[in-house]
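Below: one structure, written as structure tokens.
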Amino acid sequence: MTSAGSEIWRPEDDHNLDALATSLQETGTQDVYKPEILDAIEATINALSDELREVSLSIHSHPELKFEEKHAHDVLTLFMSMHGFNVQKHFHMPTAWQAIYKRGTGGRTVGINSEMDALPGIGHACGHNLIAISGVGVACAIKAVMERFDISGTILVLGTPAEEGGYGKATLLEKGAYKQMDACLMCHPAPGPRSSVSLSGSLALVQYRVEYFGHSAHAALSPWEGKNALDAAVLAYNNISVLRQQVRPTHRIHGIFQGNDWAPNIIPDNANMHWLVRAPSLAEARATADRVVACFEAAALASGCEVKINEIKPPCYELRQNKALGDALADIVKSRYGYIDYEYGIANASTDFGQVGYALPSLHPGFSIPTVENGGNHTVAFTQSARSLEAHKACLQVTKALAGLGVRILADEEFLMKVRDSFEEDKKLHGHV
994 MTSAGSEIWR PEDDHNLDAL ATSLQETGTQ DVYKPEILDA IEATINALSD
1044 ELREVSLSIH SHPELKFEEK HAHDVLTLFM SMHGFNVQKH FHMPTAWQAI
1094 YKRGTGGRTV GINSEMDALP GIGHACGHNL IAISGVGVAC AIKAVMERFD
1144 ISGTILVLGT PAEEGGYGKA TLLEKGAYKQ MDACLMCHPA PGPRSSVSLS
1194 GSLALVQYRV EYFGHSAHAA LSPWEGKNAL DAAVLAYNNI SVLRQQVRPT
1244 HRIHGIFQGN DWAPNIIPDN ANMHWLVRAP SLAEARATAD RVVACFEAAA
1294 LASGCEVKIN EIKPPCYELR QNKALGDALA DIVKSRYGYI DYEYGIANAS
1344 TDFGQVGYAL PSLHPGFSIP TVENGGNHTV AFTQSARSLE AHKACLQVTK
1394 ALAGLGVRIL ADEEFLMKVR DSFEEDKKLH GHV
């Protein structure tokens, strides 16, 4: 557990990543798979650094919401084509894409994800520009190692749209885009201790759209003729605020309400709400969601309004980190790039990569980037952090580590068996939805 003062990177901190990584290495030699491969990966990514930063800044400067990532789609597919990958644009969805590189005959397939979408109003406040370049950087580094060391296998990169509320990965999963992969890798930026990579999980999420239907009336002349849909929404909001005291501290409930053509002298005949319920597992999220639904229904009864409650599907599953993959990544990180934590990252957020972790062995580490205080993910300050040079350097560090892990998936059959065994053991312990 770090002290409060080191939980985030501050602008005045020493951001010399190489020095930090060296100082944070644990005493002794890590059990790292073939250090010469990591050397080759580092050389490849260092040589690509300027080009990757140009791609990152281009995406950051053209923020696009879910399913609208046209600029990012074109920039990333051009990059992959230029680096020797067979690219399929508009893969199953207008802004999704696939890039494949094969060498030799047979072998295994390592999957990689690149996210691209931004947030309404605040742009790349979750740093998906960094996730985008990490995905393509991992792929290029693995490709270089396959060529240099004559390793057979396949790299399969997916450009995954609409992580922010659109469940792009879930759609791609349903359409079979992950079927060929033996394992899938990606990463995500977040505040955290300096030079750290996080192997925390993230929360499952269930969400609802709720509509209240009342009856309009003159608010002064004859309010008794109305049924106030705004009152229903306010009651539901207050019901849930009271409920929060009675739920576990690991659960999250949050939402908004709004309406159409409201005016202060008209009893509102409509209101709509968007609510999210999160918990450490999907089963827990659904149990708490049942209590939230009761809050919606009670508000309708009290206000005399009708209510329509729609669950937005699919839900987000909790993020499951494959233990064998995580242990191997931890060895790489601790040997060269900093240290591992199991607390920060996106522990209390949610991601559609959770679905991927239920389907196949996968790993989704977080990595720390410099932030100001209270400037974490989904803030304007994080938007600025996501384009900083130090964030770029931190992104390249975890990219190198993931590339090393990807090579091992392709080249080390015994290790891949451990990865698969870890996946099956997790299924036995926790089951699948």
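Letter by letter, the sequence shown follows residues 994 to 1426 in our numbering.
Beta carbons: idealized from backbone N, C-alpha and C, even for Gly.
The structure presented is a predicted model; accordingly, all values stated were derived computationally and were not measured.
Practice task
Give the DSSP bridge partners of Val-1103, in chain order.
Solution key: Reading the sequence shown from its first residue, position 110 is the one you call residue 1103. DSSP, once it has assigned bridges, lists Ile-1148, Ala-1176 as partnering Val-1103.
Problem - Distance between Asp-1283 and Lys-1301 (C-alpha atoms, nearest Å) - result: What you label residue 1301 is simply residue 308 of the sequence shown in a count that begins at 1. What you label residue 1283 is simply residue 290 of the sequence shown in a count that begins at 1. Using only the alpha carbons, I get a separation of about 15 Å.
Problem - Cβ-based burial, Trp-1217 [other Cβ within 10 Å; buried from 16] - result: As a first step, residue 1217 is located in the sequence shown; it is residue number 224 there, counting from the start. It counts as exposed.
Practice task
Please determine, among Ser-1234, Val-1412, Gly-1397, Ala-1384, the residue with the shortest C-alpha to C-alpha distance to Gln-1314.
Solution key: Position 321 of the sequence shown, counting from 1, holds the residue named residue 1314. Minimum Cα distance to Gln-1314 is reached at Val-1412.
Handout entry: Cα-Cα separation, Asp-1324 to Val-1190
Key = The residue given as residue 1324 occupies position 331 in the sequence shown. The residue given as residue 1190 occupies position 197 in the sequence shown. Taking the CA atoms as reference points, Asp-1324 sits about 11 Å from Val-1190.
Handout entry: Inside the stretch 1321-1358 only - alpha helix (DSSP H) runs reaching at least 4 residues
Key = 1346-1352
Practice task
Given a cut-off of 9 Å, decide if Thr-1281 and Glu-1156 are closer than it, judged by their beta-carbon atoms.
Solution key: Stepping through the sequence shown from its first residue, residue 1156 is reached at position 163. Stepping through the sequence shown from its first residue, residue 1281 is reached at position 288. Not in contact: Glu-1156 and Thr-1281 (Cβ atoms no closer than 9 Å).
Practice task
Name, in chain order, the residues that DSSP records as bridge partners for Tyr-1094.
Solution key: Position 101 of the sequence shown, counted from the start, is the residue given in the question as residue 1094. Bridge partners of Tyr-1094: Ile-1148.
Exercise for the section: Name, in chain order, the residues that DSSP records as bridge partners for Arg-1413. Expected result: Counting from 1 along the sequence shown, the entry for residue 1413 is found at position 420. DSSP, once it has assigned bridges, lists no residue as partnering Arg-1413.
Problem - Bounding residues of the alpha helix (DSSP H) (the contiguous stretch that carries Val-1048) - result: Position 55 of the sequence shown, counting from 1, holds the residue named residue 1048. From DSSP, the alpha helix (DSSP H) with Val-1048 extends over 1028-1054.
Handout entry: Proximity to Leu-1353 [Cα-Cα], best of Ile-1052, Ala-1384, Leu-1318, Glu-1061
Key = For this step, residue 1353 is matched to residue 360 along the sequence shown. The shortest Cα separation from Leu-1353 among Ile-1052, Ala-1384, Leu-1318, Glu-1061 belongs to Leu-1318.
Handout entry: N-terminal and C-terminal residue of the beta strand (DSSP E) that Gln-1314 is part of
Key = Along the sequence shown, read from residue 1 onward, the residue named residue 1314 stands at position 321. Note, Gln-1314: premise wrong, no beta strand (DSSP E); not H, not E.
Exercise for the section: Using beta-carbon positions only, say whether Met-1086 and Thr-1164 come within less than 9 Å of one another. Expected result: The sequence position of residue 1086 within the sequence shown is 93, counting from 1. The sequence position of residue 1164 within the sequence shown is 171, counting from 1. Result yes, Cβ atoms of Met-1086 and Thr-1164 sit closer than 9 Å.
Exercise for the section: With distances taken Cα to Cα, identify the nearest neighbour of Arg-1187 among Glu-1407, Asn-1367, Pro-1363. Expected result: Residue 1187 sits at position 194 when you count from the first residue of the sequence shown. Nearest of Glu-1407, Asn-1367, Pro-1363 to Arg-1187, Cα basis: Pro-1363.
Problem - Spatial neighbours of Leu-1269 in its chain, beta-carbon cut-off 7 Å, leaving aside the 5 residues before and after - result: Here residue 1269 is taken as the residue at index 276 of the sequence shown, counted from 1. Answer for Leu-1269: Leu-1198, Gln-1200, His-1247, Gly-1248, listed in chain order.
Practice task
Just grab the DSSP bridge partners of Pro-1182 for me.
Solution key: For the purposes of this step, residue 1182 is taken as the residue at position 189 of the sequence shown. Pro-1182 is bridged to Phe-1360.
Problem - C-beta contact flag for Met-1073 and Val-1129 at 9 Å - result: In the sequence shown, residue 1073 corresponds to position 80, counting from 1. In the sequence shown, residue 1129 corresponds to position 136, counting from 1. Yes.
Exercise for the section: Take every Cβ of the stretch 1045-1059, pair it with every Cβ of the stretch 1109-1122, and state whether three or more of those distances are shorter than 8 Å. Expected result: The stretch 1045-1059, when compared against the stretch 1109-1122, does touch it at the 8 Å Cβ threshold.
Problem - Of the residues Val-1240, Ser-1195, Phe-1060, Ala-1226, the one placed nearest Arg-1202, counting alpha carbons only - result: Here residue 1202 corresponds to residue number 209 of the sequence shown, with the count starting at 1. When each option's Cα is compared against that of Arg-1202, the closest is Ala-1226.
Practice task
Compare the Cα-Cα distances from Arg-1101 to each of Asn-1367, Met-1410, Tyr-1332, Asp-1414 and report the closest residue.
Solution key: Numbered from 1 along the sequence shown, position 108 holds the residue referred to as residue 1101. For the residues Asn-1367, Met-1410, Tyr-1332, Asp-1414, the minimum Cα distance to Arg-1101 belongs to Met-1410.
Problem - Backbone secondary structure at His-1267 - three-state DSSP - result: In the sequence shown, residue 1267 corresponds to position 274, counting from 1. Here His-1267 carries a strand assignment [DSSP, helix/strand/coil].
Practice task
Determine which residues share a DSSP beta bridge with Lys-1220 and list them.
Solution key: Indexing the sequence shown from 1 puts residue 1220 at position 227. Looking at the DSSP assignment, Lys-1220 forms a beta bridge with His-1208.
Practice task
Scan the stretch 1116-1172 and note each continuous alpha helix (DSSP H) run of 4 residues or more that stays entirely inside, going in chain order.
Solution key: 1121-1142, 1161-1167
Problem - Beta-carbon proximity of Thr-1376 to Ile-1030, cut-off 9 Å - result: Residue mapping note: residue 1376 aligns to position 383 of the sequence shown, counting from 1. Residue mapping note: residue 1030 aligns to position 37 of the sequence shown, counting from 1. Going by C-beta atoms, Thr-1376 is not nearer than 9 Å to Ile-1030.
Exercise for the section: Output the distance between the C-alpha atoms of Pro-1182 and Pro-1257, rounded to the nearest integer angstrom. Expected result: Counting from 1 along the sequence shown, the entry for residue 1182 is found at position 189. Counting from 1 along the sequence shown, the entry for residue 1257 is found at position 264. Their backbone Cα atoms lie some 43 Å apart in a straight line.
Exercise for the section: Evaluate contact between the stretch 1287-1294 and the stretch 1232-1252, counting only Cβ atoms and requiring at least three cross-stretch pairs below 8 Å. Expected result: yes
Handout entry: Continuous beta strand (DSSP E) stretch holding His-1247: start and end
Key = Indexing the sequence shown from 1 puts residue 1247 at position 254. Per DSSP, His-1247 is one residue of the beta strand (DSSP E) stretching across 1245-1251.
Practice task
Label Leu-1382 either buried or exposed according to how many other C-beta atoms from any shown protein chain fall within 10 Å of its C-beta, with 16 as the threshold for buried.
Solution key: Against the sequence shown, residue 1382 aligns to sequence position 389. It counts as exposed.
Handout entry: Residue from Asp-1419, Ala-1229, Leu-1178, Ala-1379 with nearest C-alpha to Gly-1397
Key = On the sequence shown, residue 1397 is found 404 positions in, with the first residue counted as 1. For Gly-1397, the nearest C-alpha among the options comes from Leu-1178.
Handout entry: Beta bridge counterpart(s) of Gln-1200 as assigned by DSSP
Key = Residue mapping note: residue 1200 aligns to position 207 of the sequence shown, counting from 1. In DSSP, Gln-1200 forms a bridge with Leu-1269, Ile-1305.
Practice task
Confirm, please, whether the CB-CB distance from Lys-1136 to Arg-1078 is below 9 Å.
Solution key: Start at 1 with the first residue of the sequence shown, and residue 1078 comes out as number 85. Start at 1 with the first residue of the sequence shown, and residue 1136 comes out as number 143. Note on residue identity: the sequence assigns Phe, not Arg, to residue 1078. Closer than 9 Å, so yes.
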